[in-house]
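Per the numbering used here, residue 11 is the first one in the sequence shown, and the count goes up by one each step.
Okay, so here's the structure we're looking at.
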Amino acid sequence: MSDPKITIIIPVYNTEALLARCLESVVAQSLRDIEIICVDDGSTDASGALLDEWARRDERIRVIHQANGRQGKARNAALNIAKGEYVGMIDSDDYIPEEYFERLYNAAREADADVAMCGIVKQKPIGERVVVAFERSEIATDATEKMRLCHCPPEFHPVNKLYRRAMIERLGMRFSEDVQYEDVMFVTRAIVESNKVVTVPGISYYYVLNPTSTVKSRQTAAKQRQKYEAHRAMVEYTAELGVDIAARHRTITVRYVSLWGITLWKIKERGERRTLRLFDVLPIWWWRRHE
Numbered sequence: 011m012s013d014p015k016i017t018i019i020i021p022v023y024n025t026e027a028l029l030a031r032c033l034e035s036v037v038a039q040s041l042r043d044i045e046i047i048c049v050d051d052g053s054t055d056a057s058g059a060l061l062d063e064w065a066r067r068d069e070r071i072r073v074i075h076q077a078n079g080r081q082g083k084a085r086n087a088a089l090n091i092a093k094g095e096y097v098g099m100i101d102s103d104d105y106i107p108e109e110y111f112e113r114l115y116n117a118a119r120e121a122d123a124d125v126a127m128c129g130i131v132k133q134k135p136i137g138e139r140v141v142v143a144f145e146r147s148e149i150a151t152d153a154t155e156k157m158r159l160c161h162c163p164p165e166f167h168p169v170n171k172l173y174r175r176a177m178i179e180r181l182g183m184r185f186s187e188d189v190q191y192e193d194v195m196f197v198t199r200a201i202v203e204s205n206k207v208v209t210v211p212g213i214s215y216y217y218v219l220n221p222t223s224t225v226k227s228r229q230t231a232a233k234q235r236q237k238y239e240a241h242r243a244m245v246e247y248t249a250e251l252g253v254d255i256a257a258r259h260r261t262i263t264v265r266y267v268s269l270w271g272i273t274l275w276k277i278k279e280r281g282e283r284r285t286l287r288l289f290d291v292l293p294i295w296w297w298r299r300h301e
């Protein structure tokens, strides 16, 4: 039996209420030649049992149960056994339209691209917002142009993209584990080191802002630190390879404190210089960064 065209990876942690909608959108894909690897990342609700039930109903679904290790470890567990020509990823509280993977796969194959990418729509209970959209199909091979085309930075989403698995294995790419913002360097490397990127207009990934999600919830001091470290690694990596990213994205937030949605102060870093800004506007102190 030949390998599937696409492996779809779904990390799952306590998304019982939204999981069925996600899985329904995946098993209904117009491209049928797929394998679906769901990783139950130590869920404490009924998510694991629901995954097993879906696997009994659809032979394309494989389920891994593991102790909680965050999304990076869950995605890596699936990558380690993936067989698809291309790999796509979905968060278990999100969903996709029926022709989603067929459109991405056809675009990637026609362009012979390592990465195909479509738009993102973020949904909240009060409405939705288009974050990334493409009016036409474009192909980029230059690293700087690929990053610009993919809106990266600031959008480091791994989920609105299709990756050639041979590229992932050739580069030895895996997600950082035991941290959040594990996707920043994975996505950056995939874009920069791919042979080319192709955009796919007229289709979007639906990213649901679930307040109970550990990834999509409010900031904490630990999350701020992990975000800083991930973005600093990205800035240093792109600088080393001569990738030109906008100055505003080379300036990294180190730490901030807010109250009632108002930023009281923020520490920003650009190279070796750190600046304390009052209300994120007025610079009142600066110093050199020390490791």
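Idealized CB from N, CA, C, for every residue including glycine.
Selected residue, minimal CA-CA separation from R260, among V245, R284 and F144: Checked all of V245, R284 and F144; the closest Cα to R260 is V245.
Is V291 helix, strand or coil by DSSP? Of the three classes helix, strand and coil, the one that applies to V291 here is coil, per DSSP.
Quick one: residues in its chain with C-beta nearer than 8 Å to the C-beta of W296, no 5 flanking neighbours on either side, listed in chain order? Here the set comprises R283, R284, T285 and L286.
Identify the continuous beta strand (DSSP E) that holds L41 and give its terminal residues. L41 -> no beta strand (DSSP E), and no H or E assigned at all.
Does DSSP put S236 in a helix, in a strand, or in coil? Looking at the sequence provided, one finds Gln at residue 236 rather than Ser. Looking at Q236 - three-state DSSP - the assignment turns out to be helix.
Just tell me which of R146, P14 and A56 has its CA closest to the CA of G212. Minimum Cα-Cα distance from G212 among the listed residues R146, P14 and A56 corresponds to R146.
Is the region 136-145 touching the region 51-69, taking contact as three or more C-beta pairs under 8 Å? Cβ pair count under 8 Å is below three, so no.
Beta-carbon spacing of T263, I255 below 8 Å: With respect to the 8 Å criterion, T263 and I255 are not classified as neighbours on the basis of their beta carbons.
Neighbourhood of D290 by C-beta, 6 Å cutoff - its chain only, sequence neighbours within 5 removed: Once the five neighbours on either side are set aside, the close Cβ partners of D290 are T273 and K276.
Got a sec, what are the start and stop residues for the alpha helix (DSSP H) R66 sits in? According to the DSSP assignment, R66 belongs to the alpha helix (DSSP H) that extends over S57 to R67.
For a test of the three-state rule: what should DSSP assign to E108, helix, strand or coil? The answer is coil: DSSP assigns E108 none of H, G, I, E or B.
Span of the alpha helix (DSSP H) holding H161? Where H161 is concerned, there is no enclosing alpha helix (DSSP H), given that its DSSP letter is neither H nor E.
Separation of L251 from K226, as counted between CA atoms: For K226, the pLDDT reaches just 48, beneath the cut-off of 50, and the residue's location in the model is therefore unreliable, leaving the point undetermined.
With C-beta atoms as the reference, is I149 less than 8 Å away from A121? A121 is positioned such that its CB atom lies closer than 8 Å to that of I149.
Around the C-beta of Q190, are 16 or more other C-beta atoms found within 10 angstroms, so that it is buried, or is it exposed? Buried, by the Cβ-count rule.
By Cβ distance, which residues of its chain are closer than 6 Å to L288, with the 5 residues on each side in sequence left out? Counting only residues of its own chain and dropping the five nearest sequence neighbours on each side, L288 has a CB closer than 6 Å to the CB of W275 and I294.
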